[in-house]
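Here the protein sequences come in this chain order: A and B.
Reading the first sequence from the start, the letters are residues 1 to 647 in the working numbering.
Reading the second sequence from the start, the letters are residues 1 to 104 in the working numbering.
Backbone N, C-alpha and C define an ideal beta-carbon position, used for all residues, glycine too.
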Amino acid sequence: MTNLPLWLIPLFPLIGTVVLAAISLASTGSKKGASEGIVGGLAVLFPLLAFVSTVVIGWNMPTQGVQETLGTWIDIGSFKASFGFLFDSLSRIMLLFVTGIGTLITLYSTGYMHGDRGFARFFAYINLFLFSMIVLVLSDSLLLTFLGWEGVGLCSYLLIGFWNADVSNCKAANKAFIVNRVGDLGFILGMITLAMVSSDLLSYRELSAFLRDAANVELVNILLPIFAMAGLLFFIGCTGKSAQIPLLTWLPDAMAGPTPVSALIHAATMVTSGVYLLARLSDLYVLLPGVMTVVVLIGLLTAFWAAVAGLFQNDIKKVLAYSTISQLGYMFMAAGVAAFDVSIFHVFTHAFFKAALFLGAGAVIHALAGEQDMRKMGGMLKKTPVTACVMIFAFLAIIGFPGFAGFWSKDLILERLYVSGPMGPFLYMMALLTAVITAIYMGRLMVLTFFGKYRGGEESEKHIHEAPASMLIPMVILSLGSIFAGFLWAGLIPGANLFEQTLAPVVGQAQAAFGHASVHVSPWLFAVLGTIAAVVGMAVAWKLFANRRIPLPKGSSAPEGFGATWTFCFDKIHGIVISAFRVLAWVAENVVNRFVMMLQWLVGGLGELLGDFASGLQVAKVRLQMALSLVGVIALVLIVLVYGGLL
Amino acid sequence: MELQAVYVQILALILFVIGLLTAISRRNVFFVLMGVELALNAVNLSLIGFSKTLPGDLSVAGQIVPLFTIAVAAAEACVGLAMVILIFRNQESVDSDNYSGMKG
């Protein structure tokens with residue numbers, strides 16, 4: 001069967017990066033910069049080509065997927081790694097929405113970034129991000145995934161600090177990069193742990209084959225502690241990239257970047273790569289019930305904590321950031337009870353509605369000329385009706401209103417949590433409570449932004465305008481996605497489980513191996529309870545915030561009082577850890593370092609003494625030296641002759 | 001009459017001692033180098049002499065080693081002379097007793 005080669009997919013954004021970077025560099029001298037029409041056209045074209053080739057390859061893909069090895073990457077002794085791509089049903093789904101939503105958001109950005117001096121630079125970064133993300137998803141081994149993993153981290157850093165004239169943006173970028181580094185260390189150590197067993201295990205296919213092979217059962221049982229170590233370390237990597245406890249503080253700060261970046265990188269694609277990695281390594285994780293418990297608890301805590309913290313935010317983007325963290329917590333919960341297909345399904349639906357929410361928020365910010373504080377908004381429903389409709393659809397999707405995308409995926413997560421075992425009912429209750437809180441804080445966002453009266457100044461009210469078409473089209477498409485994407489796996493409708501069937505070849509076997517308690521509860525019950533949670537949350541939000549006087553901001557949009565303790569909780573914990581390390585560093589510098597230097601001086605002094613002594617033995621004359629060495633040789637020969645050896 | 005191997009060795013020994021004594025006793029650095037070369041070739045001669053005591057095929061090894069030695073000695077002479085020239089430029093002298101720069 002002839003099909004397009006896989007390397008074509010990452011190639012297009014790479015070409016885009018090079019071309020746009022060249023344009024950006026070439027136009028640094030000119031005052032106005034390169035033509036926005038050409039740059040924007042190119043910027044959208046390359047992701048679109050990647051999307052089209054993904055669709056073509058995905059359409060012709062055989063059930064078991066395609067693996068393509070491009071060549072040997074590393075070959076040193078017992079460590080071998082090849083450079084190859086794996087296109088199976090899991091990477092197909094990820095790639096489809098990465099490139100698809102990537103294209104839409106790039107299109108949106110051409111409107112949003114209009115008039116920015118760094119227009120070409122922005123799109124060069126976006127293309128580089130898409131390239132890295134495609135490499136991350138498409139690679140056939142952990143090593144190449146790590147390359148993409150680092151690449152998306154770099155692009156995240158570059159784009160958070162895109163407006164680098166403001167030093168607080170640079171600080172946010174640094175924070176994201178450094179916090180991610182902690183997680184990446186976990187990823188590296190995890191790879192080393194696996195490679196200690198065999199470097200072949202770094203390849204996804206080899207790893208799955210090794211772990212699934214019945215002949216290896218005893219070997220795997222012996223190696224289980226090593227695998228548990230590797231699983232835990234990879235999970236630390238995931239907590240960094242996907243902003244889970246304890247490495248979650250960077251994501252709210254990452255909102256310093258342009259809004260399309262928040263939508264693309266910090267909501268729809270990059271932050272979900274941790275969930276992707278768990279699903280990729282599903283064969284490994286199902287063997288480790290202890291690690292899975294950690295995953296589910298971390299997910300639960302993160303989802304709950306971030307939802308509560310989201311209640312206190314005044315910055316519209318920060319609410320969405322905490323909401324993203326909370327939704328990622330849901331995905332990790334699902335992965336933690338071995339419902340990998342459900343977690344990927346939630347990644348998929350979340351990508352639509354969260355991207356729509358962020359783009360809507362971006363349109364609101366655009367309309368208000370950069371205002372992000374919700375206390376200065378209000379009544380936007382009449383002024384920007386299209387944006388408001390998009391936001392309302394996405395809002396209904398995220399709170400799980402029946403029929404919308406989030407309803408189906410969240411319901412499946414709740415259902416899987418309930419039947420997961422003895423802890424199930426507890427997990428279910430907490431997740432349901434989190435769903436109520438989700439509806440409250442999202443409801444608060446909608447009420448403060450779109451209902452009531454406009455609370456900004458009269459002068460700024462006149463300038464409010466609906467976004468241009470290049471921004472509205474992607475928003476409308478994404479809102480359609482957040483309405484209908486859920487029907488790919490509608491649990492209540494028999495036969496509508498296309499998504500589950502698609503993912504079955506990759507994760508089905510692992511999930512079956514994990515084993516579920518055979519509790520059968522009617523899915524309708526879960527659906528009804530989920531709906532009640534959404535409706536109650538909405539009602540509470542309406543009651544609390546619709547008619548209340550909103551205190552006017554006092555300058556900063558950061559939460560105050562009780563809210564601040566929730567929001568900054570983990571920053572404070574990080575601060576304590578960092579000061580502990582400062583103490584360690586002080587000890588290392590002043591005690592350990594001194595001691596080592598003392599040893600150095602000791603050895604050096606001894607060497608100097610010996611050297612001085614030996615150089616005193618030197619005689620000045622060349623001939624005498626030669627004669628002496630001759631005498632030495634004769635003496636040695638005599639010793640050998642007489643004693644038959646020196647010893 | 002076949003040449004006795006021991007005479008070859010005696011000749012080699014005499015040449016070696018002459019070379020060594022020249023190298024030690026002469027002060028002119030060129031004579032020192034010549035003495036070293038002489039000693040070197042005495043060793044070559046000794047190797048050839050021993051190789052003659054071996055039967056046909058095996059004796060080839062003893063004849064090849066001196067060829068290598070000669071090649072290395074040529075290189076060594078090159079380097080040695082070049083060094084002598086450089087030292088002469090610095091010290092304005094060919095007397096090896098003046099070369100006391102090695103003293104620490």
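Using the Cα positions of Y125/A and D373/A, report the straight-line distance between them to the nearest angstrom.
Within the first sequence, numbered from 1, the residue matching residue 125/A stands at position 125. Within the first sequence, numbered from 1, the residue matching residue 373/A stands at position 373. So the alpha carbons of these two residues sit roughly 27 Å apart.
Contacting residues, own chain, Cβ-Cβ under 8 Å from Q244/A (five flanking each side not counted)
Numbered from 1 along the first sequence, position 244 holds the residue referred to as residue 244/A. Cβ neighbours of Q244/A beyond the five flanking positions: C238, G274, I298, G299, T302, I325, L328, G329, F332.
Can you tell which of G65/A, T63/A, S82/A has its C-alpha closest to the C-alpha of T72/A?
As a working mapping, residue 72/A is identified with position 72 in the first sequence. T72/A has its Cα closest to that of S82/A, out of G65/A, T63/A, S82/A.
So A39/B contacts chain A; which residues on that side make the cut at Cβ distance below 8 Å?
If you number the second sequence from 1, residue 39/B lands on position 39. Result: empty, since nearest Cβ-Cβ is about 11 Å, beyond 8 Å.
Counting contacts by CB-CB distance shorter than 8 Å, is R623/A in contact with chain B?
Sequence index remark: in the first sequence, residue 623/A carries index 623 (1-based). It does; some Cβ of chain B falls within 8 Å.
By Cβ distance, which residues of its chain are closer than 8 Å to N314/A, with the 5 residues on each side in sequence left out?
Sequence index remark: in the first sequence, residue 314/A carries index 314 (1-based). For N314/A, where only same-chain residues beyond five positions count, the Cβ hits under 8 Å are D373, M374, R375, P553, S557, A558, P559.
Buried or exposed (CB count within 10 angstroms, at least 16 for buried), I578/A:
Numbered from 1 along the first sequence, position 578 holds the residue referred to as residue 578/A. Result: exposed.
Can you check whether the C-beta of I24/B is within less than 8 Å of a C-beta belonging to chain E?
This model lacks chain E altogether, as its protein chains are A and B.
Using a C-beta cutoff of 8 Å, does D57/B count as contacting chain A?
Walking along the second sequence from the start, residue 57/B turns up at place 57. Closer than 8 Å: no.
Can you confirm whether the segment 130-137 of chain A touches the segment 146-155 of chain A when touching is taken to mean that 3 or more C-beta pairs between the two stretches lie within less than 8 Å?
yes
By alpha-carbon positions, which one of L432/A, M391/A, N590/A ends up nearest to F304/A?
Your numbering for residue 304/A matches position 304 in the first sequence. Of the listed residues, the one whose Cα sits closest to F304/A is L432/A.
Do F162/A and G118/A have their CB atoms nearer than 8 Å?
For this step, residue 162/A is matched to residue 162 along the first sequence. For this step, residue 118/A is matched to residue 118 along the first sequence. Yes, these two residues count as a Cβ contact at 8 Å.
Answer yes or no: does any C-beta atom of chain A fall closer than 8 Å to that of S96/B?
The residue given as residue 96/B occupies position 96 in the second sequence. Answer yes: the Cβ-Cβ gap between S96/B and chain A drops below 8 Å somewhere.
Just the C-alpha distance for F514/A and G336/A, rounded to the nearest angstrom, thanks.
The sequence position of residue 514/A within the first sequence is 514, counting from 1. The sequence position of residue 336/A within the first sequence is 336, counting from 1. About 11 Å.
Run down chain A in chain order and give the residues with a C-beta less than 8 Å from the C-beta of L20/B.
Here the question's residue 20/B lines up with position 20 in the second sequence. Neighbours of L20/B on chain A, chain order: L630.
Could you give the distance in angstroms between the alpha-carbon of L11/B and the alpha-carbon of V619/A?
Position 11 of the second sequence, counted from the first residue, corresponds to residue 11/B. Position 619 of the first sequence, counted from the first residue, corresponds to residue 619/A. One C-alpha to the other measures close to 33 Å.
Using only alpha-carbon positions, find the residue among P246/A, F227/A, K383/A that is nearest to L284/A.
If you number the first sequence from 1, residue 284/A lands on position 284. Ranking P246/A, F227/A, K383/A by Cα distance to L284/A puts F227/A first.
Does the Cβ of G19/B have 16 or more other Cβ atoms within 10 Å, making it buried, or fewer, making it exposed?
As a working mapping, residue 19/B is identified with position 19 in the second sequence. Under this definition G19/B is a buried residue.
Exposed or buried, V622/A, counting other C-beta atoms within 10 Å across all chains shown (16 or more means buried)?
Here residue 622/A refers to the residue found at position 622 of the first sequence. V622/A is buried by the Cβ-count criterion.
Is N90/B helix, strand or coil by DSSP?
As a working note, residue 90/B is residue 90 in the second sequence. Helix.
Which residues bound the beta strand (DSSP E) around V591/A?
Looking up residue 591/A in the first sequence gives position 591. Note, V591/A: premise wrong, no beta strand (DSSP E); not H, not E.
Among the candidates F404/A, T502/A, F123/A, whose CA atom is the shortest distance from the CA of A485/A?
Here the question's residue 485/A lines up with position 485 in the first sequence. Considering only alpha carbons, the answer is F404/A.
Per DSSP, the bridge partner or partners of W489/A:
Position 489 of the first sequence, counted from the start, is the residue given in the question as residue 489/A. BP columns for W489/A point to N497/A.
Anticipated Cβ contact below 8 Å, L247/A with V179/A, distance rounded:
As a position in the first sequence, residue 247/A is number 247, starting the count at 1. As a position in the first sequence, residue 179/A is number 179, starting the count at 1. Indeed they touch by this definition, with Cβ atoms about 5 Å apart.
Under the DSSP definition of a beta bridge, which residues are partnered with G87/A?
Walking along the first sequence from the start, residue 87/A turns up at place 87. For the sequence presented, residue 87/A should be read as Phe rather than Gly. Partner(s): V66/A.
Check whether the Cβ atoms of G491/A and W408/A sit closer than 8 Å, and answer yes or no.
Counting from one through the first sequence, the residue named residue 491/A turns up at place 491. Counting from one through the first sequence, the residue named residue 408/A turns up at place 408. Yes, they are a contact pair.
Mark R121/A as exposed unless 16 or more other C-beta atoms lie within 10 angstroms of its C-beta, in which case mark it buried.
Residue mapping note: residue 121/A aligns to position 121 of the first sequence, counting from 1. Buried, since its Cβ has 16 or more Cβ neighbours within 10 Å.
Between Y99/B and chain A, is there a C-beta pair that is closer than 8 Å?
For this step, residue 99/B is matched to residue 99 along the second sequence. Chain A, which has a Cβ nearer than 8 Å to the Cβ of Y99/B, makes this yes.
DSSP-derived helix/strand/coil call for F451/A:
Within the first sequence, numbered from 1, the residue matching residue 451/A stands at position 451. Looking at F451/A - three-state DSSP - the assignment turns out to be coil, as it is neither helix nor strand.
Measure how close the beta-carbons of L367/A and I464/A come, nearest whole angstrom, since I'm counting them as under 8 Å.
Within the first sequence, numbered from 1, the residue matching residue 367/A stands at position 367. Within the first sequence, numbered from 1, the residue matching residue 464/A stands at position 464. At residue 367/A the sequence reads Ala, which differs from the Leu that was named. At roughly 5 Å, the Cβ-Cβ gap stays under 8 Å, so A367/A and I464/A are in contact.
So, at 6 Å on beta carbons, what are the nonlocal neighbours of E206/A in its own chain, with the 5 sequence-adjacent residues on each side left out?
Counting from 1 along the first sequence, the entry for residue 206/A is found at position 206. So the qualifying residues of the chain are D200.
Any beta carbon from chain B within less than 8 Å of A635/A's own beta carbon?
For the purposes of this step, residue 635/A is taken as the residue at position 635 of the first sequence. For A635/A, the answer is no, since every Cβ of chain B falls outside 8 Å of its Cβ.
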